[in-house]
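Residue numbers (the numbering used here): 65 to 373.
So, in structure tokens, the structure goes:
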């Protein structure tokens, strides 16, 4: 009996040590490593006229699309999320672009560095903290095309939301911002991402998240996007899915309560077996508002833009 207990104790201890070593050494690298995700469709698939463009950012030629409205009231600078590209599956982006152009908004959407068809640097995610120069480069591109007099609206989702917040913090001038389930707390998102990827309790991924932020290059604490956004003065609409498992509601609520320039719109709840999310597994309602509640989402956007453009 004592021998069995001793073996169990030693086995458990070794398992814990192995998990901690993996979390501190390999986990952070795995969490930010990017897989190939090429663009395989285009706005033409949904009847939107477009041009292929390239935007120069830090010596990188980023691939993108320019989708002009006939009589534009403004220009949308669209930013996708982590591991995605300009044809985000979560949103879905092509139908979203069609809607925006229908609202008389021209749209530019690029693949961020290390995403889609754009060049790779180190092939790793920066959770917005190293992708933000790409959005500033997009703004410069818009100005260079002769559209500097039109209002600029930053529209972004998930990690793209953090990218937009960091770009604004670094001086990007926008007239309005729309954040859809934005990444506001990197540590929490990494822990929740572990649950989504492996189905294990988020707390088990706390050592990995701690290592990736405190010992790695990912932002945390005072440099988290949610903290920096508390001082944003740009009119902002934050659309939040209430049960998003990755970029969670409490962080959106905290931000909106800290900044009166940010209007929080909580999307209607979605049942776990709803057709709009039944192919997403544990990703659930992450960035699901437009797909699950299109009319509601368009209404929120239209009202916000009519008041702020």
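Positions of the beta carbon are idealized from the N, C-alpha and C atoms, including for glycine.
{"query": "Nearest-angstrom Cα separation, counted from residue 373 out to residue 367", "result": "10 Å"}
{"query": "Neighbourhood of residue 184 by C-beta, 6 Å cutoff - its chain only, sequence neighbours within 5 removed", "result": "178"}
{"query": "Contact between the segment 233 to 242 and the segment 281 to 301 (3+ Cβ pairs under 8 Å)", "result": "yes"}
{"query": "Endpoints, the beta strand (DSSP E) within which residue 142 is located", "result": "138 to 143"}
{"query": "Simplified DSSP state of residue 210, which is helix, strand or coil", "result": "coil"}
{"query": "C-alpha gap between residue 192 and residue 181, whole angstroms", "result": "18 Å"}
{"query": "Exposure label - residue 225; buried when at least 16 CB within 10 Å", "result": "buried"}
{"query": "Beta-carbon proximity list for residue 309, same chain, < 8 Å, skipping 5 on both sides", "result": "256, 259, 260, 346, 347, 348, 349 and 350"}
{"query": "Between the CA atoms of residue 151 and residue 210 - distance to the nearest angstrom", "result": "26 Å"}
{"query": "Through-space distance from residue 202 to residue 74, alpha-carbon basis", "result": "The pLDDT assigned to residue 74 is 45, lower than 50, so where the model puts this residue is not dependable, and the model offers no usable value."}
{"query": "Helix, strand or coil at residue 348 [DSSP, three-state]", "result": "coil"}
{"query": "Span separating the alpha-carbon of residue 129 from that of residue 198", "result": "14 Å"}
{"query": "Beta-carbon spacing of residue 147, residue 247 below 9 Å", "result": "no"}
{"query": "Helix, strand or coil at residue 76 [DSSP, three-state]", "result": "For residue 76, the predicted structure reports a pLDDT of 49, less than 50, and the residue's modelled location is therefore unreliable. A value from the coordinates is still provided. The answer is helix: DSSP assigns residue 76 an H, G or I state."}
{"query": "For residue 129, the three-state DSSP class (helix, strand or coil)", "result": "strand"}
{"query": "Residue 119 in three-state terms, based on DSSP", "result": "strand"}
{"query": "Alpha-carbon spacing of residue 268 relative to residue 337, whole angstroms", "result": "27 Å"}
{"query": "Span separating the alpha-carbon of residue 395 from that of residue 107", "result": "Any property of residue 395 remains undetermined from this structure, which presents the chain solely from 65 to 373."}
{"query": "CB of residue 176 within 9 Å of CB of residue 221, strictly", "result": "no"}
{"query": "Euclidean distance between Cα positions of residue 275 and residue 312", "result": "21 Å"}
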